[in-house]
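*Asks:* Below are the structure tokens for one structure; questions will follow.
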Amino acid sequence: MLRIVVLVSGGGTNLQAVIDAVDAGRITNTEIVGVISNNKSAYALTRAKRHKIPSKCISPKDFETREEFNRVFLEKIRELHPDLIVLAGFLVVIPESMVQEYRNRIINIHPSLIPSFCGTGYYGLKVHEAALARGVKLTGATVHFVDEGTDTGPILLQKAVEVKEGDTPEILQRRVMEEAEWKILPQAIDLIANGKVRVANGAAMIEKEIN
Ligand code: GAR
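Okay, structure coming up:
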């Protein structure tokens with residue numbers, strides 16, 4: 017069983033997609049052992065409680081220094097003994113010590129086709145505002161492994177989504193979630209849980225079934 021910890025900051029629709037996929041058997045060999053939010057009013061925490069998943073809030077705001085937050089945060093993660101950490105709309109920068117300790121065992125869902133509209137300052141609705149401002153006709157979502165950079169780690173899965181005339185950032189965000197994020201995040205976890213993913217030389221590869 018792959019033990020996963022899901023880190024969240026907001027609504028938690030990606031967390032919900034993962035919970036639903038586990039319940040429906042679209043993600044196998046996987047147990048969600050914890051949900052951690054940096055924001056105590058995140059609706060994602062309510063979703064976790066409803067599904068009886070242990071959850072807690074740890075916020076940088078409750079610590080005097082970032083170092084102290086990073087230390088306690090890493091301790092809380094370690095206590096859960098995760099095989100995989102899933103960033104599902106988590107808006108706090110992951111401490112470098114955690115990236116090193118969990119190398120190739122942290123994935124993130126980003127709401128664009130990386131390397132477009134990613135990096136510092138591109139999160140949530142801002143990504144879709146930028147995509148509309150640039151006038152792209154296709155956008156999408158990416159699941160990637162987390163390294164020391166912002167949205168720079170090995171790409172595991174991507175799915176394209178059409179931009180339509182009259183789209184607002186909110187409409188586009190919803191379409192990207194429905195058509196891409198809620199599909200590829202569960203798919204990525206299932207692939208990892210079933211030993212189908214290999215990361216080497218900065219690239220993630222999916223091993224094809226040999227019948
Ligand atoms: C999602 O669109 C996710 O891709 C994005 O935040 C949203 C969280 O929604 N993440 C980022 O922008 C990370 N750079 P959710 O809380 O409903 O899953």
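Residues 17 to 227 in our numbering are what the sequence shown lists, from first letter to last.
We treat Cβ as the ideally placed atom computed from N, Cα and C, and that holds for glycine.
How do the stretch 122–137 and the stretch 97–105 stand: do at least 3 beta-carbon pairs fall below 8 Å, yes or no?
*Replies:* Verdict: yes, contact present.
*Asks:* How is the beta strand (DSSP E) around residue 124 delimited, first residue to last?
*Replies:* In the sequence shown, counting from the first residue as 1, residue 124 sits at position 108. Element bounds for residue 124: 122–126.
*Asks:* If you measure from the CB of residue 203, is any heavy atom of the ligand GAR nearer than 7 Å?
*Replies:* For the purposes of this step, residue 203 is taken as the residue at position 187 of the sequence shown. Every heavy atom of the ligand GAR is 7 Å or more from the Cβ of residue 203, so no.
*Asks:* Just list the alpha helix (DSSP H) runs in the stretch 70–146, keeping only unbroken ones of 4 residues or longer that don't cross its boundaries, in chain order.
*Replies:* Complete alpha helix (DSSP H) runs here, min 4: 82–95, 112–117.
*Asks:* From residue 156 to residue 162, what distance separates their C-alpha atoms?
*Replies:* Numbered from 1 along the sequence shown, position 140 holds the residue referred to as residue 156. Numbered from 1 along the sequence shown, position 146 holds the residue referred to as residue 162. Distance between the alpha carbons of residue 156 and residue 162: 19 Å.
*Asks:* Taking residue 47 as part of the alpha helix (DSSP H), name the residues at either end of that continuous run.
*Replies:* Taking the first residue of the sequence shown as position 1, residue 47 is located at position 31. Segment 46–53 is the beta strand (DSSP E) holding residue 47; no alpha helix (DSSP H) there.
*Asks:* Among 98, 74, 97, whose alpha-carbon lies nearest the alpha-carbon of residue 228?
*Replies:* Because the chain spans 17 through 227 in this model, residue 228 falls outside it and cannot be assessed.
*Asks:* Which full runs of the beta strand (DSSP E) of 3+ residues lie inside the stretch 196–223, going along the chain?
*Replies:* You should have 213–216, 219–222.
*Asks:* For residue 23, is the beta carbon positioned less than 7 Å from some heavy atom of the ligand GAR?
*Replies:* For this step, residue 23 is matched to residue 7 along the sequence shown. Residue 23: no, Cβ never under 7 Å from the ligand GAR.
*Asks:* Does the Cβ of residue 107 have 16 or more other Cβ atoms within 10 Å, making it buried, or fewer, making it exposed?
*Replies:* As a first step, residue 107 is located in the sequence shown; it is residue number 91 there, counting from the start. The residue is exposed, with fewer than 16 neighbouring Cβ atoms inside 10 Å.
*Asks:* Can you tell me which of 36, 169, 184, 26 puts its alpha carbon nearest to the alpha carbon of residue 149?
*Replies:* Position 133 of the sequence shown, counting from 1, holds the residue named residue 149. Ranking 36, 169, 184, 26 by Cα distance to residue 149 puts 184 first.
*Asks:* I need the DSSP call for residue 62, collapsed to helix, strand or coil.
*Replies:* Position 46 of the sequence shown, counted from the start, is the residue given in the question as residue 62. Residue state, collapsed to three classes: helix.
*Asks:* Would you call residue 30 buried or exposed, if buried means 16 or more other Cβ atoms sit within 10 Å of its Cβ?
*Replies:* As a working mapping, residue 30 is identified with position 14 in the sequence shown. When all chains shown are included, residue 30 counts as buried.
*Asks:* Do you know offhand how far residue 133's Cα is from residue 177's?
*Replies:* For this step, residue 133 is matched to residue 117 along the sequence shown. For this step, residue 177 is matched to residue 161 along the sequence shown. If you take the alpha carbons of residue 133 and residue 177, they lie about 14 Å apart.
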